Amino acid sequence: MREKRNGDGGLMVMAAFVGAIAGATAMILLNEDNREKARRQISKATKRGGEEVIRLRREVKALKEKLAKQVADQLAQTSKKTK
4 MREKRNGDGG LMVMAAFVGA IAGATAMILL NEDNREKARR QISKATKRGG EEVIRLRREV
64 KALKEKLAKQ VADQLAQTSK KTK
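Note that the sequence shown covers residues 4 to 86 in the numbering used here.
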């Protein structure tokens, strides 16, 4: 089991939201006896949700790296000023 990291909650909420929309759509389609279309709809929505989560994780990682670089630069400038 992986460690819980800050920021994962938002991604999970978003994935659950996409899943809820897919589920509601699937229920409507199932009521119309169109099961194959419902399965495809669920599959597409799940794939899009997964891709969105992956994109957001990459974006978060890039922002963390950018912030770390800014902090390192500020520390370097601060240490130059104190010398």
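Just so you know, even glycine gets a beta-carbon here, dropped at the ideal spot from N, CA and C.
Here the structure is a predicted model, which means the values were calculated and not measured.
The beta-carbon separation of Ile24 and Ala48, rounded to 6 Å, stays under the 8 Å limit for a contact. Residue environment: Gly52 is assigned as buried (16 or more neighbouring CB atoms within 10 Å of its CB, all protein chains considered).
Rounded to whole angstroms, the gap between the alpha carbons of Ala75 and Ile57 is 27 Å.
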